[in-house]
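Residue numbers (my numbering): 21 to 683. Positions of the beta carbon are idealized from the N, C-alpha and C atoms, including for glycine. Since we're looking at a predicted model, the values are computed, not measured.
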Amino acid sequence: MALFPSSSSHPYRSPLWARYGLALLATGLAFALQWLLWRWLAPTPYFLFLSAIVLSAWLGGHGPGALSTVAALVLTRLFFRETPPAFSLAAHHSVTSALFTGVAALMTLVAARVRTTLHAAQVARAEAQANGHVLDITLRSIGDAVLTTDSHGLVRFINPIASYLSGWRESDAIGQPLERVLRLVEPSTREPIALVLAGQSAERPIQLGQQALLLSKNGAELPIEHTAASLSDPRGHRLGSVIVFRDISARFREDHEHAKLLAREHDALLEAETQRERLETLFMQAPVAICLTRGPDHIVELVNPLGQTLVGQRLAPGRSIRETLSGLDPNLLHLLDEVFRKGTPFVGHEVPLRADFSGTGQDEVKYFDLTWQPWRGLHGETLGTMGLCAEVTEQVLARREVEALATDLQRALQIRDDFLSVASHELKTPLTSLQLQLQLLWRSLPETDADGNPHPARKRIEATRKPAERLHQLVNNLLDVSRIRAGRLALEHETVDFAALLHDVVARAEADAAGAGCKLILQASSPVIGRWDRLRLEQVVTNLLSNAIKYGASHPVELSVVQDGPLARLTVRDHGIGIPPDSQARIFQRFERAVSERHYGGFGLGLWICKQIVESLGGDIRVESQPGQGATFIVALPLEPPVSGRSDSDSGSGSESGSSSTG
21 MALFPSSSSH
31 PYRSPLWARY
41 GLALLATGLA
51 FALQWLLWRW
61 LAPTPYFLFL
71 SAIVLSAWLG
81 GHGPGALSTV
91 AALVLTRLFF
101 RETPPAFSLA
111 AHHSVTSALF
121 TGVAALMTLV
131 AARVRTTLHA
141 AQVARAEAQA
151 NGHVLDITLR
161 SIGDAVLTTD
171 SHGLVRFINP
181 IASYLSGWRE
191 SDAIGQPLER
201 VLRLVEPSTR
211 EPIALVLAGQ
221 SAERPIQLGQ
231 QALLLSKNGA
241 ELPIEHTAAS
251 LSDPRGHRLG
261 SVIVFRDISA
271 RFREDHEHAK
281 LLAREHDALL
291 EAETQRERLE
301 TLFMQAPVAI
311 CLTRGPDHIV
321 ELVNPLGQTL
331 VGQRLAPGRS
341 IRETLSGLDP
351 NLLHLLDEVF
361 RKGTPFVGHE
371 VPLRADFSGT
381 GQDEVKYFDL
391 TWQPWRGLHG
401 ETLGTMGLCA
411 EVTEQVLARR
421 EVEALATDLQ
431 RALQIRDDFL
441 SVASHELKTP
451 LTSLQLQLQL
461 LWRSLPETDA
471 DGNPHPARKR
481 IEATRKPAER
491 LHQLVNNLLD
501 VSRIRAGRLA
511 LEHETVDFAA
521 LLHDVVARAE
531 ADAAGAGCKL
541 ILQASSPVIG
551 RWDRLRLEQV
561 VTNLLSNAIK
571 YGASHPVELS
581 VVQDGPLARL
591 TVRDHGIGIP
601 PDSQARIFQR
611 FERAVSERHY
621 GGFGLGLWIC
631 KQIVESLGGD
641 IRVESQPGQG
651 ATFIVALPLE
661 PPVSGRSDSD
671 SGSGSESGSS
681 STG
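1) Keeping to the same chain, check which residues put their C-beta closer than 6 Å to that of A43; ignore five residues upstream and five downstream.
2) Please state if the CB of L353 and the CB of R342 are separated by a distance shorter than 8 Å.
3) Under 8 Å by Cβ, that's how I've got L174 and G187 pegged, so tell me the actual separation to the nearest angstrom.
4) In chain order, what residues of the same chain lie with their CB nearer than 6 Å to the CB of V367, ignoring the 5 residues before and after it?
5) Quick check on this structure: which residue in L68, R298, L540 has the alpha carbon closest to the alpha carbon of L57?
6) What residue range does the beta strand (DSSP E) around V663 cover?
7) Using DSSP with H/G/I as helix, E/B as strand and the rest coil, what is S34?
8) Would you check if the distance between the CB atom of A568 and the CB atom of D594 is smaller than 8 Å?
9) Name the two residues that bound the continuous beta strand (DSSP E) containing G550.
10) Can you check DSSP and say which residues form a bridge with P394?
11) Could you tell me the distance, in whole angstroms, from the CA atom of E241 to the CA atom of L234?
12) Using a Cβ-Cβ cut-off of 8 Å (strictly less than) and excluding sequence neighbours within five positions of V205, which residues of its own chain qualify?
13) Around the Cβ of H318, are there at least 16 other Cβ atoms within 10 angstroms (buried) or fewer (exposed)?
14) With a cut-off of 8 Å, do at least 3 Cβ pairs link the stretch 299 to 315 to the stretch 396 to 411?
15) First and last residue of the beta strand (DSSP E) that includes L242?
16) If distances are taken between C-alpha atoms only, which option among I607, V634, H523 comes closest to D553?
17) In the DSSP assignment, find the beta strand (DSSP E) that holds Q196 and state where it starts and stops.
18) On the DSSP bridge list, what partners appear for T468?
19) Looking at the structure shown, is I722 part of a helix, part of a strand, or coil, going by DSSP?
20) So who's on the other strand from Y387, going by DSSP bridges?
21) How many angstroms separate the CA atom of F11 from the CA atom of P243?
22) Note down, in chain order, each residue of its chain lying with its Cβ closer than 7 Å to the Cβ of V74, except the 5 sequence neighbours on either side.
23) Secondary structure at D357, three-state DSSP: helix, strand or coil?
24) So, at 6 Å on beta carbons, what are the nonlocal neighbours of R618 in its own chain, with the 5 sequence-adjacent residues on each side left out?
25) From Q684 to G598, what does the alpha carbon distance come to, in whole angstroms?
26) So, helix, strand or coil for T515, using DSSP?
27) Under three-state DSSP, which class holds V262?
28) By a C-beta neighbour count over all protein chains shown, 10 Å radius and 16 as the cutoff for buried, is L460 buried or exposed?
29) Cβ of D389 within 8 Å of Cβ of V359?
30) I need the boundaries of the beta strand (DSSP E) containing R176, first residue and last residue.
31) Name the residue from A288, A182, L138 whose alpha carbon lies nearest to the alpha carbon of V264.
32) How is R210 classed by DSSP in three states: helix, strand or coil?
33) Quick one: using the 10 Å Cβ neighbour count with 16 as the cut-off for buried, is L326 buried or exposed?
34) With DSSP run on the structure shown, which of helix, strand or coil describes V205?
35) Is there contact between the stretch 645 to 661 and the stretch 582 to 593, where contact requires at least three CB pairs shorter than 8 Å?
The following block contains the structure:
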């Protein structure tokens, strides 16, 4: 059946009247010619009429051929008579007419049959061309790629989709070997794939739905699914092959993503199993007791080994916790009921529980950190409770012991501070009297004896005064320590010229500096006015200058004071032994020293007292030093006392181990 049949399948498309009229016209033309040529065609009056009959039958079919035959017989009988020489006229005409009629009928049948056969062949060719055209359009329009080869494996057709996917233009692909245009490999092994060709065996005449990787001409790689089949004619002769393939990149990506998803799911399952095993291990080996109960009767669902043995009995799954913990405090069971009923967690720290923990029949008290919280389902309903219990008996007993020791230590420190305060007060009075008596005695003696030499008694008194002054300074330091510790370091602010105060302190220390071989270099030309406690400020400067002379002997000592905005900045620099970096923070603590006591005396209180005084005045003190390069102490004090500075009680909050200056 043709895809597009002809408008008429009949071999004669002319109307009936035209065909019969054409037969009469052809017969008439034959008659005219016969009449004109009668002189030469007399022996054969039917020759031209046979031509007219054949033409009529060819153009009009059997009917016009018969009409032309009858007309030829009538015209011949009427116009072209001959006298036969040997037999009668009637018999002659009958035989001639019969022979003519037979020949005419035969020629009519032959002409009509030949015309019908030729017309059928023509129609068949037209339909074949139409079908081929439709097939070509169809193959070029479908969404799949189509490629055909001849019996030698050469490409003879490639549609636009196949051209696009393979990268070959149609004009370039036609005539090329199939394996060159369509290069297919296995996606995994990348081994070439052989397609079905015309010369191959018929064991697998069709390859259906095979997946492959297409290597296009432009170098791209495309996953495809192809179907290949061998083409044969009705007699079984192989004509070539046809290959249909399609792009499966989307499906390939989906399969790839699906495989990745399955791999991730598998990894997630493995990870979940690993996490489950890890959680189970942690649950079973946790250093705290863990118990999971269900329902208002608190039926044990899960419990780790420590939870099974913590209360001296076995917490077995399926048993009620009321039965297992029946010997414990009823308040604990009441709290468990409250957690389940109200859904609010309970956290208890160092809860004392009395029970027979050892199984000896003797109750004992142990301390536990307890946490009970509701166990909720997916919809928020309370299914049961979860409990964690950690024994802290040793920690509680150790803390109580430490607290007792700390209380005893605080009491001992208070006794020490009271003793230092009382001892300082008791020692200060006789030392003051001793210094006064020595001063009066020194003034009452003449400067020289009878021989004009310095009076020996004055030298002895002078030698006695220095230890007394040092002892007096030590007593003052101890008294300051007790005051600072007790929070009774009183400050009396007044207007002070820091530069003038520094001049006075340096003037009083010149004799001691000269004795130590130190040259004092002072830079304080401009007044620096502020409100400070004069005596405490002198104490700070004196301590720093004494340390500089002590540890920088035989080297110059530089002092300066300047105003730096709202601050007064005092700098005391020596060129002595220096202080290691790891000891610079320690020297400001009580009873701490950065040097050996054998070579340098002192109790290590001077710098600690300086730090407390400076901080009480709202300032700051620090040191910059390197071993062997001397030390520079820098004191920064606000010109005005702080509005809400550190209280006196805060000044004595230093660490008990304390550290001091090297003085």
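For this structure:
1) Answer for A43: S76, G80, P84, L87, S88, listed in chain order.
2) yes
3) Rounded, the Cβ-Cβ distance is 18 Å, inconsistent with contact.
4) T391
5) L68
6) Careful: V663 lies outside any beta strand (DSSP E) and carries neither H nor E.
7) Here S34 sits in coil by DSSP.
8) Going by C-beta atoms, A568 is nearer than 8 Å to D594.
9) 549 to 552
10) T405
11) Separation of E241 and L234 (C-alpha to C-alpha, rounded to the nearest whole angstrom) is 6 Å.
12) E211, P212, I213, A232, L233, L235
13) buried
14) yes
15) 241 to 252
16) V634
17) Q196 -> no beta strand (DSSP E), and no H or E assigned at all.
18) Partner(s): P474.
19) Outside the displayed range of the chain (21 to 683) lies residue 722, so it cannot be described from this structure.
20) Partner(s): P372.
21) Any question about residue 11 goes unanswered here, given that the chain covers just 21 to 683.
22) M127, A131
23) helix
24) Caution is warranted here: a pLDDT of 45 is assigned to R618, below 50, making its placement in the model unreliable, and the coordinate value is therefore given only provisionally. The beta carbon of R618 sits closer than 6 Å to no other beta carbon from its chain once the five residues preceding and following it are set aside.
25) The requested residue 684 is not part of the displayed model; the chain covers only 21 to 683.
26) In the three-state scheme derived from DSSP, where H, G and I count as helix and E and B as strand, T515 is classed as strand.
27) Three-state result, V262: strand.
28) It counts as exposed.
29) No, the Cβ-Cβ distance between D389 and V359 is not below 8 Å.
30) 175 to 178
31) A182
32) coil
33) buried
34) strand
35) Contact holds: three or more Cβ-Cβ distances are below 8 Å.
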